[in-house]
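If you use the working numbering, the sequence shown corresponds to residues 300 to 632, in order.
From the three backbone atoms N, C-alpha and C, an ideal C-beta is built for every residue, glycine too.
Below: one structure, written as structure tokens.
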Amino acid sequence: MLTQNPRSITLSEENPSNKQKLINKIISMTEKITNTDGYTETIIPFLIICRHNYETPVVQGVLSPSFCLVLQGRKEVYLGEHIFQANPGDYLASVVDIPASARVTGCTNNSPYIGIRISFTMEEITSVMLEADISVDKRDNKLIFGTCIGKSDTDFLELFVRLLKLVDNPSKAKFLSKLIKREMIFHLLSGEYRHLFLQQVFFDQQSDGVGKALAWIKENYTHSFTIEELARSFNMSVSGLQHKFKAITSLSPVQYQKKLRLQEARRLMLSGSMDATTAALEVGYESPSQFSREYRRCFGMPPLKDIKAAQKNYSPTDLESFLKRLNHFEKTT
């Protein structure tokens with residue numbers, strides 16, 4: 300197992316008491332917005348407050364392009380052999396859609412887990428790069444895993460304070476929230492993990508290669524393909540595609556497709572709109588029995604049993620929040 304606990308800022312570089320005061324202030328601001336367990340959307344479209352009054356079991360989902368600031372409690376994310384643990388003051392950032400498992404720990408009803416999630420697009424990253432005159436060069440083509448954990452500093456935390464102040468002011472939020480978000484992105488592009496973001500921009504700018512292959516699977520996960528066809532379509536060797544794809548996502552292209560299919564099928568069943576057979580066909584499976592085998596291998600139980608257990612164990616609020624987080628993978632026609 301590989302555990303990532305990277306160093307970002309040492310105590311000698313920044314007064315820890317100032318940082319903790321800011322964290323406490325942000326916690327207080329989130330509690331004025333919501334004390335509801337689960338995920339709370341705000342008037343700012345890209346801002347979600349996450350709160351859990353109890354430790355959660357490991358839940359599978361899709362980690363989408365975003366960064367999550369942990370304020371209280373701990374968040375653990377499992378991606379293949381990689382284990383990411385975010386403690387208070389840490390942020391978890393992802394630049395690609397990656398199937399992952401996660402749980403929150405170190406929290407109680409009196410001291411709940413609290414985090415703030417900011418979603419973004421690669422277009423926004425590119426826009427900030429262009430405006431700030433940050434260039435992408437060949438060094439940014441070095442493969443880096445698509446997720447990281449960094450330590451926030453007081454400048455970064457101040458941006459969250461400014462953003463949360465806008466939640467009660469819709470007229471200001473409509474304009475200023477976007478500017479603050481761009482400052483946040485600039486902060487990340489100027490920090491220790493800048494190459495994580497620059498790498499993805501580099502891939503997006505290429506007409507072929509692993510970045511385009513990943514995007515194609517995400518958009519066409521219901522379609523069947525062979526690894527040979529995929530490599531040929533994006534001018535790569537089979538071995539090169541496999542190696543680069545796994546370096547970024549921890550999965551092979553076929554495993555990545557399978558995870559997306561199973562996550563979407565589970566979302567469809569949890570929403571109550573489809574039974575197992577219909578959901579299997581909807582996400583691209585031709586054999587319901589194969590779907591059932593792979594579903595059980597992924598989630599630990601056959602579809603019907605898993606859905607009944609989830610509906611029993613999730614509160615209505617948690618279930619609604621879970622479905623909202625997976626909704627960006629719903630197909631549009």
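Own chain partners of residue i with C-beta closer than 6 Å, once the 5 adjacent residues on each side are dropped
| i | result |
| --- | --- |
| Arg306 | The pLDDT assigned to Arg306 is 35, lower than 50, so where the model puts this residue is not dependable; a value taken from the coordinates is nonetheless given after this. The answer is none, since no qualifying residue turns up. |
| Val582 | Thr521, Arg560, Glu563 and Ala564 |
| Ile479 | Leu458, Arg461 and Leu462 |
| Val427 | Arg481, Ile484 and Phe485 |
| Thr339 | Thr333 and Ile348 |
| Leu633 | Because the chain is modelled from 300 through 632, residue 633 falls outside the range shown and cannot be assessed. |
| Pro315 | none |
| Leu301 | At Leu301 the pLDDT is 38, less than 50, meaning the model places this residue with poor confidence and gives no usable figure here. |
| Lys517 | Asp396 |
Residues near residue i by beta carbon distance below 8 Å, same chain, minus five either side
| i | result |
| --- | --- |
| Gln499 | Val394, Val395, Met421, Ile424, Gly445 and Gly510 |
| Thr632 | Note that Thr632 has pLDDT 29, beneath the 50 cutoff, so the model's placement of it is unreliable and no number is given. |
| Phe598 | Gln359, Leu561, Arg565 and Asp605 |
| Phe533 | Asp507, Gly508, Val509, Lys511, Ala512, Trp515 and Leu540 |
Rounded distance between the beta-carbons of residue j and residue i, thought under 8 Å
| i | j | result |
| --- | --- | --- |
| Leu346 | Cys367 | Their Cβ separation, rounded to whole angstroms, is 11 Å, which puts Leu346 and Cys367 out of contact at 8 Å. |
| Gly449 | Gly405 | That belief does not hold up - the Cβ atoms of Gly449 and Gly405 are roughly 19 Å apart, past 8 Å. |
| Ile382 | Thr548 | No, Ile382 and Thr548 are not in contact; Cβ-Cβ is about 15 Å, not under 8 Å. |
| Glu593 | Lys557 | 6 Å |
| Phe590 | Ala608 | With 8 Å as the limit, Phe590 and Ala608 do not qualify as a contact, their Cβ atoms being about 18 Å apart. |
| Tyr412 | Arg350 | 7 Å |
| Lys545 | Ser551 | 6 Å |
| Leu429 | Ala399 | Not confirmed; about 30 Å, so no contact. |
| Ser327 | Asp389 | In fact, because the Cβ distance is near 19 Å, the residues do not count as touching under 8 Å. |
| Asn408 | Tyr353 | 7 Å |
Cβ-Cβ distance between residue i and residue j below 8 Å
| i | j | result |
| --- | --- | --- |
| Glu380 | Ala401 | no |
| Ala385 | Val369 | yes |
| Ser418 | Ser489 | no |
| Pro587 | Arg595 | no |
| Ile325 | Val466 | no |
| Phe537 | Glu527 | In the sequence as presented, Phe is not what sits at residue 537; that position holds Val. Contact: yes. |
Bridge-paired residues (DSSP) for residue i
| i | result |
| --- | --- |
| Leu559 | For Leu559, which the question treats as bridged, DSSP gives no partner whatsoever. |
| His351 | Tyr412 |
| Gly337 | Arg350 |
| Leu497 | None, per the DSSP bridge assignment. |
| Val358 | Ala401 |
| Cys447 | Ala392 |
| Ser418 | Ser365 |
Close beta carbons around residue i, own chain, < 7 Å, minus the five adjacent residues each side
| i | result |
| --- | --- |
| Lys477 | none |
| Thr453 | Glu313, Asn317, Lys318 and Leu321 |
| Thr355 | Arg402 and Val403 |
| Gly414 | Cys349, Cys367, Leu368, Val369, Leu370 and Lys374 |
| Ile433 | Leu488 |
(request) Pick out the complete beta strand (DSSP E) segments inside the segment 368–414, 3 residues or longer, and give them in chain order. (result) 373–378, 381–385, 389–393 and 397–404
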